[in-house]
Amino acid sequence: MPDRIESGFLFNVHTHPDHTNSSGEKTYGFFSDVDITSLLGSNAYLMGLVTDEFWLACKTSSVIKQIGGVGQEMLMRITEETYESREFLADVVRREMKNWGLVFYRGTFSGRLEKI
Numbered sequence: 161m162p163d164r165i166e167s168g169f170l171f172n173v174h175t176h177p178d179h180t181n182s183s184g185e186k187t188y189g190f191f192s193d194v195d196i197t198s199l200l201g202s203n204a205y206l207m208g209l210v211t212d213e214f215w216l217a218c219k220t221s222s223v224i225k226q227i228g229g230v231g232q233e234m235l236m237r238i239t240e241e242t243y244e245s246r247e248f249l250a251d252v253v254r255r256e257m258k259n260w261g262l263v264f265y266r267g268t269f270s271g272r273l274e275k276i
């Protein structure tokens, strides 16, 4: 038995409130800057987001330490865009966040998670 056992969070899951867009559709935001900053600063490896879908943000071995002002603005812009249309969300996440050392998965509740 080891002299010291270290424990921590494996992951956390949370939700965001819905938003009614200009077309009257119920939409949800993406991971916020506070969400990602919390994940980067914690010893957790995963963060889940429950909306009308299930999202996972996963750290890799090349994860960055902080997102900075540009990253915060980008996440706010992604959330604003998801309120109006989610059509290109996977493309935006893949393109904008590829250098962060995070991998994102997205899925439905009765389906499979798919890597973005």
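If you want the working numbering, it's the position in the sequence shown, counting the first as 1, plus 160.
Beta carbons: idealized from backbone N, C-alpha and C, even for Gly.
Nothing here was measured: the structure is a model prediction, and the numbers come from that model.
- Between the C-alpha atoms of F248 and M257 there is a straight-line separation of about 14 Å.
- Counting along the chain, M207 sits inside the beta strand (DSSP E) bounded by residues 206 to 210.
- Under the three-state reduction of DSSP, R254 is assigned to helix.
- Between V210 and D163, the alpha-carbon positions lie close to 38 Å from each other.
- DSSP places V263 within a strand segment (E or B) once states are collapsed to three.
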